[in-house]
Structures are given as structure tokens and as C-alpha cells.
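A.B. asks:
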Amino acid sequence: MMTKRQVHQFLGVNILRLFIVITAMFLFMFLFVIFSKGGKMISVSFLTEFPRKFMTEGGIFPAIVGTFWLTVLSIGISLPLGVLTAIYLVSYGKPRWLVRIVRIAINTLAGVPSIIYGLFGLAVFVQLIKLDVSMLAGSLTLAILALPVIINASEEALRSVPHDFREASLALGATERQTILRVILPTALPNIMTGTIISIGRVAGETAPILFTAATFYTRHLPTSVMDEVMALPYHIYALMTEGAHADKQVPIAYGTAVVLLALVLFVSMVAIIIRYNIRKKRKW
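In terms of this note's numbering, the sequence shown opens at residue 1 and continues consecutively.
1) Got a sec, what are the start and stop residues for the alpha helix (DSSP H) residue 102 sits in?
2) Tell me whether the segment 34-53 and the segment 107-119 touch, counting them as touching only if at least three CB pairs, one residue from each stretch, are closer than 8 Å.
3) Cα separation between residue 26 and residue 16?
4) Would you kindly report the start and end of the unbroken alpha helix (DSSP H) that includes residue 17?
5) In the DSSP assignment, find the alpha helix (DSSP H) that holds residue 177 and state where it starts and stops.
6) Could you give the distance in angstroms between the alpha-carbon of residue 31 and the alpha-carbon of residue 68?
7) Nearest to residue 86 by alpha carbon, out of 102, 76, 77 and 71?
8) Could you spell out the range, first to last residue, of the alpha helix (DSSP H) harbouring residue 154?
9) With DSSP run on the structure shown, which of helix, strand or coil describes residue 232?
10) What does the alpha-carbon distance come out to for the pair residue 230 and residue 281?
11) Do residue 235 and residue 215 have their CB atoms nearer than 8 Å?
12) Decide if residue 178 is buried, meaning its Cβ has at least 16 other Cβ atoms within 10 Å, or exposed.
13) In this structure, how does DSSP classify residue 167 when only helix, strand and coil are distinguished?
14) Which residues in the same chain have their Cβ closer than 7 Å to the Cβ of residue 206, if we skip the five residues on either side of it in sequence?
15) Touch check for the segment 65-84 and the segment 115-122: three-plus C-beta pairs under 8 Å?
16) Assuming contact is defined by CB atoms lying nearer than 8 Å, are residue 201 and residue 265 in contact in what I supplied?
17) Our contact map puts residue 159 next to residue 90 with C-beta atoms below 8 Å; I'd like the distance itself, whole angstroms only.
18) Could you please give the first and the last residue of the uninterrupted alpha helix (DSSP H) stretch that includes residue 78?
19) On the three-state DSSP scale, how would you describe residue 58?
20) Quick one: residues in its chain with C-beta nearer than 7 Å to the C-beta of residue 137, no 5 flanking neighbours on either side, listed in chain order?
21) Return helix, strand or coil for residue 252, following the three-state DSSP convention.
22) Can you give, in chain order, each stretch of the alpha helix (DSSP H) that sits fully within the segment 189-240 and has at least 4 residues?
23) Return the first residue and the last residue of the alpha helix (DSSP H) that residue 45 is part of.
This is the structure:
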């Protein structure tokens, strides 16, 4: 005969298991639908050729290259800015009222719809600064989109470093700057990478921020500079599903593009995870 406490524990554990099963079921359903509809499109020619005949034949190579560079450039811009902002908030943030305002602004930015970032990028980077529709304008817009996640993750990572590490470093004669650069930041780096991985997935899959700032429906050339407009996988999917006139041929290409986008995000995330693992391994030694 189970006690009341054991009954509650039994119900709680099994409810959690049920939620895990439901979540896994939806995940497998999602992957099954995407891969069953788009997996048959994957081939060497699909990955290496340019689109042909009004986007009804050929491949998606320009969109792959465009998405890769947009992701790399935006993370390259937002990561150092986000980490430096987190360091300021944790170690130098004064006065307190200013820090509170900054944190409110960061949390507000985290909840802003992505289409608003696209309109901001259009108004500021494309029209005001005169970058035109280009890879640089899109990367800057995506960098602002990724900043809140990176700042929050970096701040939590820095705060998770034991306070004894800071005190021991300062007691040995290190300055505040040396303590941050050589003790706190290396210790927090694996957790900072976690926030970066999340940002990579969001940046690579966003359509709205690049809709007005970087993406083009079709181009016959690969980008040669940051001032070129580019094709991108998420916008390519959107264009095929909404503007295509040959649905019977373009919808399968859109699903195939979705498979490639998932694979690209997983690949970049795996590289970041490997880097994080190696950092943690070195820290243990």
C-alpha cells in the first residue's frame, strides 16, 4: 500500500515522462514530415547547382553560401559585443539604475518580433547609412537580433563563476581587467558558447530580418563582397511557397531546401559544441 507521498511522487514522475514522450513524438513527427517530403530532393546537383527555369529546376548553392555568410558575419559581430556588454553589466555596471534600464531594454529586445528588426534594418542600415540591400546590412540586422540572447547567456555564465576565483586572483595581485580576461572569462566560456549555439539556430532560420535588408529572389552570381545582395535558404523557402507559379515543381524544392537548412544549422551548431567540449576538456586539465 503506497503512502500519499509515494502516490504523488509516482504521479509526478509519470506525468513528466508523458510530457517527454509527447515532446519527442512531435519532434519525430516534424522531422519525418520534413525529411519525407524534402529528402528525395537531396543530391549533389541540388547542393552545387544554381536554380534554373524560374526556380523549377537546378539547385540551391547560392542560397547555401548566402545563409552561411550571413550567419557567420552576424555571429562574428554580435558575439564580441554581447560578451563585452555582459562583462560591463556584471563587473562594472554603475550606477544601479542605469544597469536596470539596460537590462529592461535587453529583455524587451528579446521579445520584439523579428519583422520589427527587419523594418529597423531597412530604415537604418539600408536607407539612413546607405548600405543598400546587402550582406552587410542583413548581417548587422541579424546581429542585433542575436544580441539579447548572447548578452543574457553571457551574463549568466559570468555570474556562475565562483566568487572565490575572483577573490583569489585579486589577492595574488592581478588587476580587475586581468582577472576578467584570464580567470573569469575562460571559466565562463563554455556556457557562453551555449548561448551562441542558440543564437546560431535563430539567426540562420530567420526570414523577416533579411527580407528588406539582404535577400534577393534570385541572383546568377555568388557574393564577392559584403556589399552584395545574396540568396538565403529561409527566404528561398518563403519565395518558393508564396511567389512560385509552378507549385508542383517548386514545393518539393522548398521542402528540400528546408532539409538543407536544418542540416546547415545542425552542422554549425555541432562545430560550436565541439569547440565548447574542447574548451571544457582543457579547463579540466
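Every residue gets a Cβ at the ideal spot worked out from N, C-alpha and C, and that includes glycine.
Bear in mind that the values here come from a model prediction, so they are computed numbers and not experimental data.
C.D. replies: By the coordinates alone:
1) 96-110
2) no
3) 16 Å
4) 4-38
5) 176-179
6) 22 Å
7) 102
8) 135-159
9) coil
10) 38 Å
11) yes
12) exposed
13) helix
14) 114, 142, 145 and 234
15) no
16) yes
17) 6 Å
18) 61-87
19) strand
20) 121, 125, 126, 131, 213 and 214
21) helix
22) 208-211
23) 44-48
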